[in-house]
Structure formats: C-alpha cells, structure tokens
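Trainee: Below are the structure tokens for one structure; questions will follow.
There are 2 protein chains.
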Amino acid sequence: MSVSSVGPLSHAVFRVARLHKALAGRLLRETGLHPGQELVLMALWTDGPQRQGDLAEAIEWDAPTMARSLARLERSGLVRRTPSPDDRRVVIVEATEMSRALEPGVVAAWSELERRTVGSLTDAQQADVLAALARLEETLLGSER
Amino acid sequence: MSVSSVGPLSHAVFRVARLHKALAGRLLRETGLHPGQELVLMALWTDGPQRQGDLAEAIEWDAPTMARSLARLERSGLVRRTPSPDDRRVVIVEATEMSRALEPGVVAAWSELERRTVGSLTDAQQADVLAALARLEETLLGSER
DNA sequence: GTCGGATAGTTGGCCGAACAACGAACTGCG
DNA sequence: CGCAGTTCGTTGTTCGGCCAACTATCCGAC
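Note that the protein sequences, when read in sequence, are chains A and B. Heads up: the first sequence begins at 1 in the UniProt record's numbering, then just goes up one per residue. Heads up: the second sequence begins at 1 in the UniProt record's numbering, then just goes up one per residue.
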C-alpha cells in the first residue's frame with residue numbers, strides 16, 4: 001500500500017506544502033528570519049501592539065509556539081513584551097523600531113515567493129487554484145468540528 | 001502589508017497545509033506514530049529492505065532527518081538497521097515483524113485523512129483540485145533549479 | 001471575603017525539518 | 001600504490017509544532 005495509492009489528494013497536498021515551505025525558507029533566509037517569524041512581525045507591523053493571545057489567534061499559532069517564538073524574537077531585539085497594567089496575566093507585544101528595517105526584505109521575500117508559486121499560471125488558472133485551495137480549506141475546517 | 005495581500009496564493013497553500021498536517025497528526029495519534037513516521041514504514045512495507053539513502057530519496061527526506069527518525073523507530077523496535085556487507089558505509093533498513101501490526105491502523109488513518117480531505121467534493125471537483133495541486137508542484141519544482 | 005473555576009503564559013518533552021560540519025569508507029586518477 | 005575527491009551517514013544547532021502540566025492572575029458565586 002503506497003502512500004500515493006491510499007491518499008492521492010493528501011499526498012499531493014503534502015508534496016506541494018513541502019516544496020512551498022522549503023522555498024519560503026530559502027527566500028526568507030536573506031532577511032535572517034526563520035519561516036514563521038515573518039508572520040509574527042507582519043501581524044505586528046500591520047495591526048500594532050496587541051495581546052500575545054490575540055496575536056497567536058491571528059496567525060493561528062499554538063500558545064506555546066508563540067511564547068517560544070516571541071522569546072527568540074525578543075532576544076533578537078525585534079519585539080518587545082510588556083505586561084499589561086490592566087490584567088497582569090496578559091502580555092502586550094509590539095514590534096521594535098529596529099524590526100522595521102526588515103520590512104522591505106520580508107515583503108520582497110513574500111512577493112518573490114508568490115511570484116515563484118504562481119509561476120506561469122494564467123489569471124484564470126490562478127483563480128482555479130485559489131478556488132481549489134479554498135474548497136480544501138473549507139472541507140478541512142469542517143472536519144475539525 | 002498583510003500576508004494575505006502580499007501573497008494570497010502562498011497564504012492559501014500555507015493554511016491548507018497547516019490544517020491538513022494537523023488533521024494527519026490527530027488521526028495518526030491512535031497508531032502511536034508521529035506524522036512522517038508512517039511514510040517511512042509504508043515505504044519499507046511496500047518496497048522491502050533498502051539502503052537508508054534510497055529510503056530518504058523515496059520519501060524526499062533530508063539525510064539528517066531520516067537518520068534521526070530511523071534512530072527513534074529503531075528504538076521503538078519498528079525498524080532494524082544493519083550495515084551492508086558490500087559497502088560498509090551504507091545501512092540497510094527494514095521493517096520489523098512487530099511493525100506489521102501497525103499497518104492496518106496506518107492505512108486506516110490515511111484513508112480517513114483522504115476521506116476528510118476530499119470531503120463532499122464531486123469526482124470532477126476532486127480532479128480539478130488534483131490538477132491544480134499538480135500545477136503548483138510543477139511550478140515549485142521548476143523554481144528549484 | 002473566600003474559595004473554585006476560568007484564563008494567560010510558560011516550561012518540558014518529543015517530533016519533523018533545514019543547514020553546517022564532520023568522520024568513515026569507498027573510488028578513481030595519476 | 002597513494003592520495004584527492006566523492007559518497008554515506010551521523011551529530012550539533014536552531015526552528016516550528018503539538019501535547020501536557022504548571023504557575024500566576026482574575027472573576028464570580030456563595
């Protein structure tokens with residue numbers, strides 16, 4: 001029973017995901033960030049300081065994953081965490097001035113990633129692919145509940 | 001610059017991949033395996049004993065990732081590794097008898113994963129999605145070289 | 001007011017994943 | 001024959017990702 005015969009669609013998702021993530025990693029390397037960290041920073045750049053929990057929810061991360069990732073970003077000086085005065089349990093996260101220097105590189109990396117992902121697809125094909133992915137996402141989300 | 005605006009297609013790939021992998025992890029948990037290990041075992045079950053390098057290539061894994069994963073599987077008694085007599089650098093990997101007990105569960109998990117991924121898609125829609133993923137894979141592969 | 005439950009983050013453990021650096025073994029060329 | 005270069009696998013380090021267990025804080029009911 002080979003993988004591709006048991007689950008052709010799952011296998012295809014697997015393969016595309018691997019390739020895409022690997023490409024993202026290579027492109028992002030020039031910025032010095034690891035894949036995923038740019039999501040955190042982009043969320044902070046666009047939405048401003050926010051509670052750690054909200055940030056985790058925004059990019060759909062586990063709380064432990066977010067905590068550790070922020071600890072690393074903080075250590076790199078890209079992020080600042082301050083306890084909220086209102087509720088001493090919550091932590092407010094914000095991007096530092098220093099992190100702003102990375103923004104052009106990150107946007108460039110994502111643009112290039114998108115360019116290389118879209119490839120030579122026509123607009124119509126691109127719409128098809130997006131629609132297909134949306135269908136998959138909807139199905140998978142439905143399977144969670 | 002939000003992620004979805006910079007790279008809508010990339011973002012969609014990202015999201016589907018996360019959901020799919022998480023679902024795979026949940027389904028596989030019942031077998032006691034971690035996502036990825038089932039790929040190794042399935043390859044060994046179908047193709048028999050083989051060189052570690054060939055195995056890594058078959059499921060497109062990094063050599064270090066394969067080495068460590070096999071070390072864990074070996075520790076669990078699911079896999080046996082013996083040095084090749086012909087070439088003392090190479091290691092021959094084989095699935096143990098004990099591992100065979102997991103086969104039904106693994107196949108069931110992958111079947112369920114596929115079922116939940118396909119969802120209520122018609123055959124035609126399913127073909128569309130597969131074609132779309134194939135196009136993406138082709139594009140991404142082309143971007144590697 | 002106090003005590004129990006809910007909420008916010010952290011930490012430990014384990015895994016897959018990538019890169020770099022390394023040692024061991026083989027191969028082929030001069 | 002000997003040595004350079006290649007191939008095979010391992011180890012170190014650093015990540016993201018998940019679960020489980022824990023601490024600290026807050027809130028609400030009694």
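We put the CB at the ideal spot given by N, CA and C, even for glycine. Values in this document were obtained by computation on a predicted structure and should not be read as measured data.
Restricting to runs no shorter than 3 residues, where is the beta strand (DSSP E) found entirely within the stretch 57-101 of chain A?
Mentor: Those beta strand (DSSP E) runs which fall completely within the stretch 57-101 of chain A and span 3+ residues are 79-83 and 91-95.
Trainee: Can you say whether S10(B) is buried or exposed, counting buried as having 16 or more other CB atoms within 10 angstroms of its CB?
Mentor: Answer is buried; the Cβ neighbour count reaches 16.
Trainee: Taking the alpha-carbon positions, what's the R80(A) to W45(A) distance?
Mentor: Distance between the alpha carbons of R80(A) and W45(A): 13 Å.
Trainee: Is it right to say A109(B) is buried, meaning 16 or more other beta carbons lie within 10 angstroms of its own, or is it exposed?
Mentor: Flag for A109(B) reads buried.
Trainee: Applying the 10 Å Cβ sphere with the 16-neighbour rule, what's the burial state of E38(B)?
Mentor: E38(B) is buried by the Cβ-count criterion.
Trainee: Determine the closest residue to R29(B) out of S5(B), L102(B) and L136(B), with distance taken between C-alpha atoms.
Mentor: Of S5(B), L102(B) and L136(B), the residue nearest in Cα terms is L102(B).
Trainee: Using a Cβ cut-off of 8 Å, pull out every chain B residue sitting near R18(A), in sequence order please.
Mentor: What R18(A) touches in chain B: E60.
Trainee: Using a beta-carbon distance below 7 Å, is E112(A) in contact with chain B?
Mentor: So, not an interface residue.
Trainee: Using a threshold of 7 Å, state whether the C-beta atoms of residue 153(B) and A95(B) are closer than that.
Mentor: Here chain B covers residues 1 to 145 and nothing more, so residue 153(B) does not appear.
Trainee: With burial defined as no fewer than 16 other Cβ atoms inside 10 Å of the residue's Cβ, what is the status of R88(B): buried or exposed?
Mentor: Classification of R88(B): exposed, given that the 10 Å Cβ count is below 16.
Trainee: Between L27(B) and L113(B), is the Cβ-Cβ spacing less than 7 Å?
Mentor: Yes. Within cutoff.
Trainee: State yes or no: is the C-beta of S84(B) within less than 7 Å of the C-beta of I92(B)?
Mentor: Cβ atoms of S84(B) and I92(B): closer than 7 Å.
Trainee: Near S69(B), which residues of its chain fall below 8 Å by C-beta distance, leaving aside the five closest residues on each side in sequence?
Mentor: Cβ within range, chain order: G36, Q37, V40 and W61.
Trainee: Closer than 9 Å between beta carbons: that is the criterion. Which residues of the stretch 126-138 of chain A meet it against chain B?
Mentor: Residues passing the 9 Å Cβ filter: Q126, D128, V129, L130, A131, A132, L133, A134, R135, L136, E137 and E138.
Trainee: Would you mind sorting A63(B) into buried or exposed? The rule is 16 or more other CB atoms within 10 Å of its CB.
Mentor: Its Cβ having fewer than 16 others within 10 Å, A63(B) is exposed.
Trainee: If the cut is a Cβ gap below 9 Å, which residues of chain A does M42(B) touch?
Mentor: Correct list: M1, S2, V3 and V6.
Trainee: Taking Cβ positions only, does A101(B) come closer than 7 Å to chain A?
Mentor: It does not: the Cβ of A101(B) has no partner Cβ on chain A nearer than 7 Å.
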